[in-house]
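Quick note: to get the working numbering, add 2 to the position in the sequence shown (first position is 1). In this text, a Cβ means the ideal position worked out from N, Cα and C, and glycines have one as well. Since the structure is predicted, the reported quantities are computational estimates derived from the model, not experimental observations.
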Amino acid sequence: FLDIAIQLSHALGELHQDDITHGALTPDHIFIDMNSGHVKLGGFGFIAQFTHENEAIHDGEVIKNTLAYISPEQTGRMNRSIDYRTDLYSLGICFYHMLTGSVPFMDLHPMRMFHAHIARHPVSPSDIMPSIPRPLSEIILRLLQKTPEERYQSSLGLKADLETCLSELKKNGTIPPFHIGRQDISKRFNIPQKLYGRDEDIQKLLSAYERICRGGKEIMLITGPPGIGKTALIRELDKVIVEKNGYFISGKYEQLRKDVPLSALIQAIMGLVRDMLSESQRNISAWKDMILNAVGNNGRVITDVIPEVELIIGRQPDLAVLNPEETKNRFNFVIERFMEAIATPDHPMILFLDDLQWADLASFDLLERLCGNPDIRHLFIIGSYRDNEVDSSHPLTAVIAQIEQHEVPVHTLALQPLKEFDVRQIIVDFLKSSHERGAYLSSLVHEKTGGNPFFISQFLKKLFEMKYITFDPTIGWRWDQETLSSLQVTDNL
3 FLDIAIQLSH ALGELHQDDI THGALTPDHI FIDMNSGHVK LGGFGFIAQF
53 THENEAIHDG EVIKNTLAYI SPEQTGRMNR SIDYRTDLYS LGICFYHMLT
103 GSVPFMDLHP MRMFHAHIAR HPVSPSDIMP SIPRPLSEII LRLLQKTPEE
153 RYQSSLGLKA DLETCLSELK KNGTIPPFHI GRQDISKRFN IPQKLYGRDE
203 DIQKLLSAYE RICRGGKEIM LITGPPGIGK TALIRELDKV IVEKNGYFIS
253 GKYEQLRKDV PLSALIQAIM GLVRDMLSES QRNISAWKDM ILNAVGNNGR
303 VITDVIPEVE LIIGRQPDLA VLNPEETKNR FNFVIERFME AIATPDHPMI
353 LFLDDLQWAD LASFDLLERL CGNPDIRHLF IIGSYRDNEV DSSHPLTAVI
403 AQIEQHEVPV HTLALQPLKE FDVRQIIVDF LKSSHERGAY LSSLVHEKTG
453 GNPFFISQFL KKLFEMKYIT FDPTIGWRWD QETLSSLQVT DNL
């Protein structure tokens, strides 16, 4: 095993050095010459699909062949983008399979597999087979960490630990405990995507979602300037949504499309319909019955606006011609019935509307109706907006007052800039420095960015591009405090 594992780690390291991510690493793509023992990697036909924003994960054949080996971020339900470290998770599954004879998670239902990769912890290989040395189990479990930041950060660091195992085994016939990951320093400038300083805010969101699952209906308004992390915070719900078999649908209002009524709401429902169409034919038939029962003879109201719905409920009869006010009321009524049918105890729903400061009056009207309808439950409406663009005369202020009269709980979460301690923690985790060594750099970054998370990442990238932060193979990431102190950077990012 160790000989094969070392060769695989080396091959993967060569790929990653050339900025190639495999993205579909499974035993089907590992080839071993039984005479020489040489190991080679194949299956690169998947890379073209993988590079197009996760399109590969929606391909049925890819899912069937790789579902047991995909990383949590490849499910599309983690608040993480995909990089080369997805291969290290898949490699960990392959190692697990080689040593124990089985993969850590197996279920024929894709959503349950997604949940397992995201939330379940694998049984230690040593607990399955006591003959597997404990350090080897620790290496594999490190590869199988849920977030990329907690895994090995390079194939070279992994290879070094595996070579230590092989050396000890040859020398002593066993592998004694040792500190794994000592040589695992990434040469890549990967700023952590985990959220810092937001634990309390995340807990408020999770608590509200739990109440929704029990039959409630609530609104959470998240405010703050651009780059403060509103969307990133909301995407932290992805993991629990998978666990509860819920739906997350989202739409974004745009400043240059304020004249298009209901643009974000329609965008959100379109996303939901596409999710439905990706399910089994049996589930699609169940959705068809549910939707038709809800909208009756008015299905054309939805299919005229969202043609994809016709793929679920079929062609709908023509509608009676009404005056503009009656037409608007009919549309709102049908959308209400549609949402009532979709948001259920089995599928609690989150509706996320981004940039509400640019929403149109028709959207605000429908939003109030959704909140005022007592038959609609299991619905969590989250809206985000820039508080510097919403004052007492803005239509959003009026609609919130109207919603509160319906006795629907309305919460406001005002996101604050990160504190200097949080910035220091980013530096420590990212650049693998001590708190003392990272103090000056974090102080500079906090001063120049005002604690805005987006500005922090951009500023750090700029320091790296300008070679003020460099990588030294002997000690890792380094920077010169005197050079940084004389650095002329605008105070207005």
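| Check | Outcome |
| --- | --- |
| Is it true that the CB of LEU145 sits closer than 7 Å to the CB of ARG153? | yes |
| Figure out for me which residue from ARG388, PRO326, VAL242 and GLY103 has the closest Cα to the Cα of MET351. | VAL242 |
| Per DSSP, SER386 forms a beta bridge with which residues? | ILE224 |
| Going by C-alpha distance, which of GLU438, THR233 and PHE432 is nearest SER188? | PHE432 |
| What number of angstroms, rounded off, separates the C-alpha of LYS196 from the C-alpha of PRO106? | 25 Å |
| Helix, strand or coil for THR88, going by three-state DSSP, please let me know. | helix |
| Indicate the three-state DSSP secondary structure (helix, strand or coil) for MET100 in the structure shown. | helix |
| Could you tell me which of ILE177, GLU312, ILE271 and ILE308 sits nearest to LYS501, measuring between CA atoms? | Any question about residue 501 goes unanswered here, given that the chain covers just 3 to 495. |
| How many angstroms separate the CA atom of VAL275 from the CA atom of ILE304? | 11 Å |
| Please check if any C-beta of chain C sits within less than 7 Å of the C-beta of GLU467. | Within the model displayed, chain C is absent; a lone protein chain is all it includes. |
| From the DSSP output, in three-state form, read off ILE402 for me. | helix |
| Suppose contacts are defined by Cβ-Cβ distances below 7 Å. Is SER92 in contact with LEU43 by that definition? | no |
| Closest to LEU294 by CA distance: which of LEU208, ARG317, SER435 and ASN331 is it? | ARG317 |
| Smallest Cα separation from THR77: which of PHE116, MET36 and ARG216? | PHE116 |
| Within the continuous alpha helix (DSSP H) that includes SER444, where are the two ends? | 437 to 451 |
| Does TRP479 come out as helix, strand or coil in the three-state DSSP assignment? | strand |
| Near ILE120, which residues of its chain fall below 7 Å by C-beta distance, leaving aside the five closest residues on each side in sequence? | PRO74, THR77, ARG79, MET80, LYS148, LYS241 and VAL244 |
| Look at the alpha carbon of GLU220 and the alpha carbon of PRO376, and state the distance between them as a whole number of angstroms. | 12 Å |
| For GLY301, tell me which candidate among ARG339, SER280 and ALA288 has the shortest Cα-Cα distance. | ARG339 |
| I need the boundaries of the alpha helix (DSSP H) containing LYS246, first residue and last residue. | Looking at the DSSP string, LYS246 is not in any alpha helix (DSSP H), and its letter there is neither H nor E. |
| Put LEU353 into one of helix, strand or coil per three-state DSSP. | strand |
| GLN283: buried (16+ other C-beta within 10 angstroms of its C-beta) or exposed? | exposed |
| Determine contact between the segment 3 to 17 and the segment 155 to 171, defined as no fewer than three beta-carbon pairs at a distance below 8 Å. | yes |
| Does the beta-carbon distance from VAL297 to ILE268 come in below 7 Å? | no |
| Is the segment 469 to 488 touching the segment 428 to 442 in the sense that three or more CB pairs, one from each, lie closer than 8 Å? | yes |
| Please say whether ALA416 and LEU353 have beta carbons closer to each other than 7 Å? | no |
| Helix or strand or just coil, what does DSSP make of ALA322? | coil |
| When DSSP labels each residue in this structure, what does PHE180 get in the three-state scheme? | coil |
| What residue range is occupied by the uninterrupted alpha helix (DSSP H) comprising LEU208? | 201 to 215 |
| Quick check: the segment 229 to 239 against the segment 330 to 338, are at least 3 beta-carbon pairs closer than 8 Å? | no |
| Applying the 10 Å Cβ sphere with the 16-neighbour rule, what's the burial state of ARG259? | exposed |
| From the DSSP output, in three-state form, read off GLY301 for me. | helix |
| Roughly how many angstroms lie between the CA atoms of ILE59 and ASP356, to the nearest whole one? | With a pLDDT of 44 at ILE59, under the threshold of 50, the predicted position of this residue should be treated as unreliable, though the coordinate-derived value follows. Roughly 25 Å separates the two Cα atoms. |
| On the DSSP letters alone, give me the boundaries of the beta strand (DSSP E) that LYS260 sits inside. | Here LYS260 belongs to no beta strand (DSSP E), and DSSP marks it neither H nor E. |
| Work out the CA separation of LEU420 and TYR334 for me, nearest whole Å. | Residue identity check: residue 334 is Asn in the sequence provided, not Tyr. ASN334 and LEU420: Cα-Cα distance of roughly 41 Å. |
| Label THR451 either buried or exposed according to how many other C-beta atoms from any shown protein chain fall within 10 Å of its C-beta, with 16 as the threshold for buried. | buried |
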